[in-house]
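Numbering (UniProt numbering), first residue to last: 1 to 379.
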């Protein structure tokens, strides 16, 4: 039986963070019940489409999925269980924000089938959390982490961000040390990217906030790799680090360019050589599904060139790189034939290297990865 992954989007937030450009909204919690009803309807629409598939991973993302009560998450999970075949031992992840979690909800999340929790901490310093527009404190995180473990969670990720306005290298080092000391098995460490149409974009432009320079950002990133590897974490993707056995299986689906279905407002899918996405606005999503209409807004055919390009640059995000054997099997041609010029050029520039199994980025290549990725796009 074929395998497929599900992404389930929960677009509600207590308050939108200043840097966030995701499809998420504050002040719309009154729509949650109607949204869950619509989400369940959309799930049922895919029942016949996915009858020959087993669900290998599920990921509740947002927004803030932990705004939903334990019973509301259980209701969604019951619909998935009822209409789809789920692989034994499937990874079922849920994003959660400190300050929105309670022990009772965590217990119900766990009992409903959520077996991996991804907690969006971002920083251990309360002044930096305030700068980001986060609603929680580091103390909230510590309390919620203890409650999550008491509820049964052992597979836990913590998100951290570096290159923040006003952040010193010593702040970042302190954050990493605190999270490692808490024995968190998976850490996602991202550099802040300032996106258009966010308050941060305007504030940076108007110099209301000042970001660390590129040299400091790179020092923070190199320290992250060195420190986490020294403490037993495997650096398995540009921004992700895991203790043995704790890699995120769902995210590996994206990086290996494998199919997935996205459900909910603003969710994206990659299936049957097509990429498609749902309407962004919660109200429109609910309205369409009330009329039993498919909420898809955009659909694009993925050409063979697109698929090759995406497989190459997404695969290079992983430290193990692109599997030469799997690439050749998938496209019936070696990556060395398609990318002969780029591979040789980047090898000479010490950005790429390969062994008998994989093509990989060097450390310098990781630092300059966007340059490499750009040249992997086929015309």
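Yeah, the Cβ is synthetic: ideal placement off N, Cα and C, and Gly gets one too.
Boundaries of the alpha helix (DSSP H) in which residue i is found, first to last residue
i, result
"residue 178", "169-181"
"residue 227", "214-230"
"residue 337", "335-338"
"residue 37", "32-45"
Nearest residue (CA-CA) to residue i, options the options
i, options, result
"residue 255", "288, 218, 309", "309"
"residue 45", "261, 71, 346, 320", "261"
"residue 109", "77, 282, 88", "77"
"residue 223", "209, 239, 208", "239"
"residue 303", "331, 138, 166, 237", "331"
"residue 168", "317, 124, 301", "124"
"residue 19", "195, 267, 231, 317", "195"
"residue 67", "244, 93, 15", "15"
"residue 105", "291, 149, 29, 23", "149"
"residue 251", "94, 48, 292", "94"
"residue 282", "8, 7, 22, 35", "35"
"residue 382", "370, 153, 13", "A question about residue 382 goes unanswered here, because the residues of the chain that appear run from 1 up to 379."
"residue 259", "23, 307, 151, 342", "307"
"residue 89", "74, 101, 116", "116"
"residue 147", "178, 100, 170, 32", "100"
"residue 246", "154, 291, 171, 202", "154"
"residue 373", "318, 197, 182, 209", "318"
"residue 178", "138, 111, 357", "138"
"residue 301", "270, 22, 293", "270"
Simplified DSSP assignment, three categories, for residue i
i, result
"residue 114", "coil"
"residue 123", "coil"
"residue 309", "helix"
"residue 26", "strand"
"residue 330", "helix"
"residue 367", "helix"
"residue 301", "strand"
"residue 355", "coil"
"residue 150", "helix"
"residue 260", "strand"
"residue 74", "helix"
"residue 251", "helix"
"residue 131", "helix"
"residue 158", "strand"
"residue 138", "helix"
"residue 12", "strand"
"residue 201", "helix"
"residue 287", "helix"
"residue 208", "coil"
"residue 145", "helix"
"residue 100", "coil"
"residue 344", "helix"
"residue 82", "helix"
"residue 107", "helix"
"residue 6", "strand"
"residue 361", "strand"
Near the ligand GDP: residue i beta-carbon under 8 Å from a heavy atom
i, result
"residue 238", "No copy of the ligand GDP occurs in the structure displayed, which carries no ligand at all."
Distance CB(residue i)-CB(residue j) smaller than 9 Å
i, j, result
"residue 211", "residue 163", "yes"
"residue 98", "residue 127", "no"
"residue 278", "residue 295", "yes"
"residue 160", "residue 189", "yes"
"residue 176", "residue 221", "no"
"residue 184", "residue 156", "yes"
"residue 114", "residue 92", "yes"
"residue 350", "residue 364", "yes"
"residue 187", "residue 241", "yes"
"residue 234", "residue 244", "yes"
"residue 267", "residue 103", "no"
"residue 276", "residue 257", "no"
"residue 369", "residue 361", "yes"
"residue 70", "residue 112", "yes"
"residue 166", "residue 209", "yes"
Residue span of the beta strand (DSSP E) that contains residue i, given as start and end
i, result
"residue 320", "First-last for residue 320: undefined, no H or E at that position."
"residue 233", "Premise fails: residue 233 is in no beta strand (DSSP E) and is neither H nor E."
"residue 92", "85-96"
"residue 277", "274-278"
"residue 241", "240-242"
"residue 57", "53-62"
"residue 191", "186-191"
"residue 246", "Segment: none, residue 246 is in no beta strand (DSSP E) and carries neither H nor E."
"residue 270", "268-271"
Beta carbon proximity, residue i to chain C, threshold 9 Å
i, result
"residue 60", "As a matter of chain content, chain C is missing from the structure shown, which is built from one protein chain."
**Message:** If contact is defined by three or more beta carbon pairs under 8 Å, each pair taking one atom from either stretch, is the stretch 308-327 in contact with the stretch 55-68?
**Reply:** Because the criterion of three Cβ pairs below 8 Å is not met, the stretch 55-68 and the stretch 308-327 do not touch.
**Asked** Any chance the stretch 1-15 sits against the stretch 37-57, with 3 or more Cβ pairs inside 8 Å?
**Response** Because the criterion of three Cβ pairs below 8 Å is met, the stretch 1-15 and the stretch 37-57 touch.
**Prompt:** Looking at C-beta atoms only, is the number of pairs between the stretch 319-327 and the stretch 271-287 that lie closer than 8 Å three or more?
**Reply:** Between the stretch 319-327 and the stretch 271-287 there are fewer than three C-beta pairs closer than 8 Å, too few to call the two in contact.
**Message:** When you compare the stretch 133-151 with the stretch 111-122, are there three or more beta-carbon pairs, one atom per stretch, that lie closer than 8 Å?
**Reply:** They touch, by the three-pair rule.
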